[in-house]
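Each residue of the sequence shown is one higher than the last, beginning at 13 in my numbering. Read through the structure below, which is laid out as structure tokens, and then see the notes.
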Amino acid sequence: MKLKNVSKFHICGLNQEKLLNELCTNFTLFEIERVSKNDTFFECSYFDHKKIQKIIKSHRVKIESVSHSGVVPKVMQTLSSYGLMLAILVCGVLYFFQNQYVVQYQVLGTENLSKSEIVSFVKGEFSSKKSEIDTTQIENALIDHFARISFVSCIIKGQTLVLNIKEKLLPTQMYGEFPPLMAQKDGKVTKIELVSGTLRVKVGDIVRKGDVLVEPYTLDASGQLKKVEAKAEILAEVYFEGTAEHYETFVQTFRTGEKRVQSEVLLFGLSIYNFQQEVPFQRYETETEFQNLSKNLFLPFKMKKTMFYELAQETIVSKFEDVEDETVAKAKADAEQKMDSGGEVVDEFYTVRHIGGVTFVNYCIVMEESLCEQPS
């Protein structure tokens with residue numbers, strides 16, 4: 013976009029010399045071009061265009077067209093767009109209302125505690141409206157509910173509630189040299205066989221990768237902590253999802269077989285000879301290749317060949333019902349690529365959604381797999 017604010021006139025009529033002399037006397041004109049006796053193009057400052065337009069009309073000369081360029085015309089055009097201004101106003105009002113709520117939760121400083129568990133607790137116990145949030149109450153509630161939290165600070169930053177947490181230091185005998193048993197993937201716990209340690213999950217729980225499943229300690233009869241190796245066999249349903257899309261109508265582009273070739277001889281990157289065939293195609297794609305011509309020559313001559321391939325388009329109409337099996341197979345193949353080698357498939361299902369001429373197929377494979385690896 014040009015930064016200079018300019019208006020370009022195209023006028024048509026007889027006896028234009030007198031008009032142009034009058035305009036040049038009172039205004040600054042530039043880029044004057046007499047195309048013919050009756051047609052003239054010229055440019056002027058955008059801020060003078062209304063006065064000039066009035067003078068031209070008084071001389072009864074026809075204005076074929078007026079165009080504007082520059083920053084100010086664009087701004088004026090934008091301000092005169094009532095639809096855009098209304099959209100900006102509506103967006104402003106909606107932003108004002110949604111800005112009254114917390115839409116994101118950020119948990120910092122946790123090592124052993126689950127961030128998702130903390131966020132779920134805060135969402136369930138407190139309102140998301142900023143005016144109803146008491147950060148002191150949230151801090152006290154977290155300390156009372158989670159025994160491992162020693163200190164927590166809570167602030168609202170924009171539309172984010174930030175929770176900065178400091179966990180209590182665990183006694184050395186709690187872990188010792190044994191690490192906890194961690195989840196290696198996301199899943200829903202279906203079976204637990206505890207060997208040693210303290211369980212942190214139960215059957216039916218949804219766990220995320222990295223969550224602690226078994227702590228490497230146990231409580232004796234006197235309530236004292238004793239370090240032990242965390243061992244357990246925990247199975248879970250793990251979900252692998254694949255997707256595929258089908259468009260009821262789409263445009264397919266293909267090569268017709270027609271092509272044109274343009275050749276150019278280069279020396280040190282400079283063109284010294286070229287042969288060009290006319291390219292009459294409306295649509296085309298190009299491929300370029302270089303050939304070394306200096307096999308028995310001292311100078312590094314190269315040949316640059318550019319091939320122009322004609323393209324054509326056709327609209328393909330395909331009903332989902334006709335290719336449903338093929339689309340579902342694609343979604344299933346996508347899910348199978350994400351599967352692990354081990355495990356047993358316990359269920360398979362898919363869902364279909366139709367949105368605006370596009371059909372989305374989501375295929376889910378449910379496998380029962382071991383959720384953790386025993387520490388070495």
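Here a beta-carbon is modelled for each residue, glycine too, at the ideal position from N, C-alpha and C. Fair warning: this is a prediction, and the values are worked out from it, not measured in the lab.
DSSP three-state assignment for isoleucine 145, whether helix, strand or coil: coil
Whether leucine 211 touches cysteine 384 by CB criterion (8 Å): no
8 Å CB neighbourhood of lysine 331 in its chain, flanking five on each side removed: Excluding residues within five positions, the ones whose Cβ falls inside 8 Å are Glu260.
Tyrosine 375 burial status per 10 Å Cβ neighbour count (16 or more: buried): buried
Nearest residue (CA-CA) to leucine 173, options Ser162, Lys200, Lys197, Ser132: Ranking Ser162, Lys200, Lys197, Ser132 by CA distance to the CA of leucine 173 puts Ser132 first.
Cβ pair alanine 244, glycine 199 closer than 8 Å: no
Threonine 184 (DSSP reduced to helix, strand or coil): Residue placement at threonine 184 is flagged as unreliable, the pLDDT there being 48, under the threshold of 50; the coordinate-derived value follows with that caveat. The answer is helix: DSSP assigns threonine 184 an H, G or I state.
Histidine 71, DSSP secondary structure in three states: coil
Meets three-Cβ-pair contact criterion under 8 Å: the region 306-322 and the region 278-298: yes
Inter-residue spacing [alpha-carbon to alpha-carbon] between phenylalanine 266 and glutamate 297: Answer to the nearest angstrom: the Cα atoms are 10 Å apart.
Beta-carbon separation (whole angstroms), valine 370 vs glutamate 257, contact threshold 8 Å: 6 Å
Straight-line gap, glutamate 356 to aspartate 217 (C-alpha atoms, nearest Å): 20 Å
Beta-carbon separation (whole angstroms), leucine 32 vs cysteine 56, contact threshold 8 Å: Actually they do not touch by this definition, with Cβ atoms about 11 Å apart.
Sequence-distant residues of its chain with Cβ nearer than 6 Å to glutamine 185 (five each side left out): With a pLDDT of 41 at glutamine 185, under the threshold of 50, the predicted position of this residue should be treated as unreliable, and no value is reported.
Three-way DSSP call (helix, strand, coil) for aspartate 346 in this model: In the three-state reduction of the DSSP assignment, aspartate 346 falls in the helix class.
C-beta neighbour in chain C for asparagine 152, strict 8 Å: In the structure shown, chain C does not exist; there is a single protein chain.
Residue range of the alpha helix (DSSP H) that includes glycine 136: 127-137
Beta-carbon proximity check, phenylalanine 53 vs histidine 22, cutoff 8 Å: yes
Serine 70 versus valine 329: straight-line alpha-carbon distance, rounded: 59 Å
Minimum C-alpha distance to threonine 202 - residue among Val215, Lys62, Ser208: Val215
Lysine 239, DSSP secondary structure in three states: Residue state, collapsed to three classes: strand.
Inter-residue spacing [alpha-carbon to alpha-carbon] between valine 78 and serine 19: 7 Å
Proximity to threonine 363 [Cα-Cα], best of Ala341, Met379, Asn27: Ala341
Lysine 30, enclosing alpha helix (DSSP H) - first and last residue: 28-38
Within 8 Å, strictly: CB atoms of phenylalanine 252 and methionine 351: yes
Beta strand (DSSP E) runs wholly inside the region 218-278, at least 3 long, in chain order: 224-227, 229-231, 237-239, 243-259
Cα-Cα separation, isoleucine 44 to asparagine 50: 13 Å
DSSP state of valine 215 mapped onto helix, strand, coil: coil
Close beta carbons around arginine 272, own chain, < 6 Å, minus the five adjacent residues each side: Apart from the 5 residues on each side of it in sequence, arginine 272 sits with its Cβ closer than 6 Å to the Cβ of Gln289, Val291, Phe320 in its chain, given in chain order.
Distance CB(valine 119)-CB(isoleucine 145) smaller than 8 Å: In this structure, isoleucine 145 does not lie closer than 8 Å to valine 119 by Cβ.
Close-in-space but distant-in-sequence residues of the same chain around tyrosine 187 (CB under 6 Å, 5 per side omitted): Here tyrosine 187 scores only 46 on pLDDT, less than 50, and its place in the model should not be relied on; the value that follows carries that caveat. Contacts found: Pro228.
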